[in-house]
Amino acid sequence: MKAKCSNCGAEHVLKDAEIARHTKVQFRCSKCGKPTVVEVKLKPDATIVMSPLPLFARTGAEGAGSGLGFPDAELALPAGVTASISVVEGPDKGLLRKLEKASVILGRQGADISLNDPEVSRHHCLLEVKETYMNLKDLDSTNGTFFEDERVRAAMLQDGGEFKIGTSLIRVILRKA
Numbered sequence: 420m421k422a423k424c425s426n427c428g429a430e431h432v433l434k435d436a437e438i439a440r441h442t443k444v445q446f447r448c449s450k451c452g453k454p455t456v457v458e459v460k461l462k463p464d465a466t467i468v469m470s471p472l473p474l475f476a477r478t479g480a481e482g483a484g485s486g487l488g489f490p491d492a493e494l495a496l497p498a499g500v501t502a503s504i505s506v507v508e509g510p511d512k513g514l515l516r517k518l519e520k521a522s523v524i525l526g527r528q529g530a531d532i533s534l535n536d537p538e539v540s541r542h543h544c545l546l547e548v549k550e551t552y553m554n555l556k557d558l559d560s561t562n563g564t565f566f567e568d569e570r571v572r573a574a575m576l577q578d579g580g581e582f583k584i585g586t587s588l589i590r591v592i593l594r595k596a
C-alpha cells in the first residue's frame, strides 16, 4: 500500500502483509521524521486466498460437483439431510428454494437456481451439500462471492450461514433428521 506523509507529503510503501490486520497504521516518515497515521482500506476486490485450495474448490477435482462437467452433478442429498436457501436481501427477497440435489449452481440465467439480480453472473457460484455443512465455491464470477464481508473463492457454511452474490444476501438452511 502506498501512503503519503501528512506533514511533508513524502511517499512511502507499506508492506500489505504487515498492515492487513489493522484498520489504522502509524509510521514515521523517513524524510521529516514525524509520525503519520493512515487508514487501511481493503480493496473491494480483495480475495481471501486459501492455499492450498480445498478439494471442493479445485476446478475439475473429483467430488467438486456441478453441472459444468463434474461427475457428481446429479447426486442425491446425503441421507436424512434437507437443505434450502433463502434470499434475505436483494431483488428476490423472500424467495425460498428447497435444494433437490447435492450440488446446485446459483446464477442469473441457465443455473439450477436463477436470481433476478443483474449483478449476479450467469453461473455465479456452486453450493454443495454435505452432511453437516455446505461448500460454497465462486465460479469465477465477475462481481465475486462474499462471506463475512470478505470476497472468497470458497467457504464452508453451517446452518444459518449467509453469503452475498451481487446485491443478494442468501442464507443457507441445513437440517439433519
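In terms of the working numbering, the sequence shown is numbered consecutively and its last residue is 596. Using N, Cα and C, we set each Cβ at its ideal position, and we do this for glycine too. Since we're looking at a predicted model, the values are computed, not measured.
Start-to-end residues for the beta strand (DSSP E) that takes in R527: Here R527 belongs to no beta strand (DSSP E), and DSSP marks it neither H nor E.
In chain order, each beta strand (DSSP E) run of at least 3 residues that lies wholly inside the segment 512-578: 515-517, 522-526, 544-548, 553-557, 564-566, 569-571, 573-576
Length of the line joining the Cα atoms of P490 and V432: Interpretation of P490 is limited by its pLDDT of 42, a score under 50 that renders its predicted location unreliable; the figure taken from the coordinates is listed afterwards. Taken atom to atom, the span from the alpha-carbon of P490 to that of V432 is near 47 angstroms.
Check whether V506 and G513 have beta carbons under 8 angstroms apart: yes
Own chain, CB closer than 7 angstroms to T442, minus 5 neighbours either side, in chain order: E458, V459
Minimum Cβ-Cβ distance from G529 to chain B less than 8 angstroms: Of the chains in the structure shown, none is chain B; there is only one protein chain.
Buried versus exposed call for T551 [16 or more other C-beta atoms within 10 Å across all chains shown]: exposed
Candidates F446, I584, Q528, of which the one nearest C424 by Cα: F446
Beta-bridge pairing of H431 - partner residues as DSSP gives them: A422
Extent of the continuous beta strand (DSSP E) run through A596: Where A596 is concerned, there is no enclosing beta strand (DSSP E), because DSSP gives it neither an H nor an E.
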